[in-house]
Structures are given as C-alpha cells and as structure tokens.
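The next block holds one structure in the form of structure tokens; read it before the comments.
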Amino acid sequence: MSRAARQLLTAVLACTAVALPVTAATAPTVVPSAATACDTPWGSTVERVDEMGGGPLTEVRTGRHDCFDRVVYTLAGPPVGYYVEYVDQVTQDGSGKVIPVPGDARLLVRLRHPAYDNSGTQTLVPPATAGQPVADVTGYEALRSVVYASSFEGDTVLGVGVRARLPFRALVLDGPGGGARLVLDVAHRWT
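Numbering-wise, the sequence shown is residues 1 to 191 according to full-length UniProt numbering.
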C-alpha cells in the first residue's frame, strides 16, 4: 500500500472513530409509545350502517385488550346493518318495556339481524331472554354488562353497560366462514 493510500485510510478511520461517539451521544432517546399511551381517538356519537342485515345473530362474546374492551356479535351472514348509540335506557322493541342494563352509561346496539331463524327458533347460543346477560364481563375495565333486550321484526337489540360515557367504535369483520362479525370496542378512557 502506498504512503498516500495509508494516509487516506488513517484519516478515514480517525474520522469514523471521532464521529461515532458524537453520533451516539446526540441520538435522541426513543420511548415506546405503546407502553405509555393508547391510540383510541374514537368518539361517543352514533355509529351506524343503514343496511338490512343478512343472516341471524348466533353468538355474543367479549374480550379484554390493553386499551379497550371488546364485544363481538357473530352473524350467520353479511351484509351487516347496525346502529350503536348511548341512551338513557334500553327498551324492548314491540313492548317498549325498559330493560335494566347495569352500568353508569348504556350503549344501545341494534343489529339489523334477527336472533331467530325462518321457523322462529332462536339462533343465539346459548338462547337468551329479555334482560338476561349474554356475556360475563366481570373484571373488565370499561364494560359492566352485555344484556339481551329483544329480537323483533328482524332487528335484535342488546344493551351494553359501560363504566362511564367512554369513546367507542364499531367495525365489521368478515368470517367465520360465510358469516360476518360486528365488533364494538369501548376505550378504557378518553385520549
């Protein structure tokens, strides 16, 4: 190696050695945001899809997540029509009877899907009666109850009791099989 090449290599190595500590010392500290904050920029106003539903409601289940609690309504087929809003009280379609829904705030969930088949047999498993809880939400941060109200003239009404008027979102997912799911997420707090 020539003297000029050695001097160039020495200069490059010296610059690299000096630059590395400076770069490392001035690099910003990155704090994972997922550990400190929840991204739930939802609201608390009506969410709806004005569509007459397809197959009947077959199951209601719940789940807990780091930033929100979830209710999943499984439907035998799309399209999915729904209406979700905060109400003072949940009432039974047809009779107007008030259905008790434990919680400091109540979400009315109206599915444009029956909870019965063409012969009138209830499709919700396990079968439910008005005012009966359809999921156990003991220990959940946002949810206090999920209660069946009625299934009348093709619409099924359920009440979701919530700790307070918290932000929520409703979304539709495909499956299982040829069915669909309405997913209701309720945030643990306002962000």
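Glycine is no exception: its CB is placed at the ideal position from the N, C-alpha and C atoms.
Bridge-paired residues (DSSP) for residue i
i, result
"G43", "F168"
"D155", "F152"
"R145", "Correcting the residue identity first, residue 145 is Ser in this sequence and not Arg. DSSP lists G161 as partners of S145."
"T91", "V98"
"residue 201", "The structure shown does not extend to residue 201, since the chain is modelled only from 1 to 191, so the question has no answer here."
"D69", "R64, V186"
"V49", "Y82"
Residue i - containing beta strand (DSSP E), residue span
i, result
"S119", "It is not in any beta strand (DSSP E) - S119 carries neither H nor E in the DSSP assignment."
"A187", "180-187"
"A105", "105-111"
"V137", "Careful: V137 lies outside any beta strand (DSSP E) and carries neither H nor E."
Sub-8 angstroms separation of residue i and residue j beta-carbons
i, j, result
"R106", "V162", "yes"
"V146", "A128", "no"
"D155", "D93", "yes"
"A149", "V157", "yes"
"P56", "D117", "yes"
"G96", "G53", "no"
"V142", "C38", "A small fix is needed here, since residue 142 is Ala in this sequence, not Val. No, Cβ-Cβ distance for A142 and C38 is not below 8 angstroms."
"E51", "R112", "yes"
Any chance the region 73-86 sits against the region 170-188, with 3 or more Cβ pairs inside 8 angstroms?
yes
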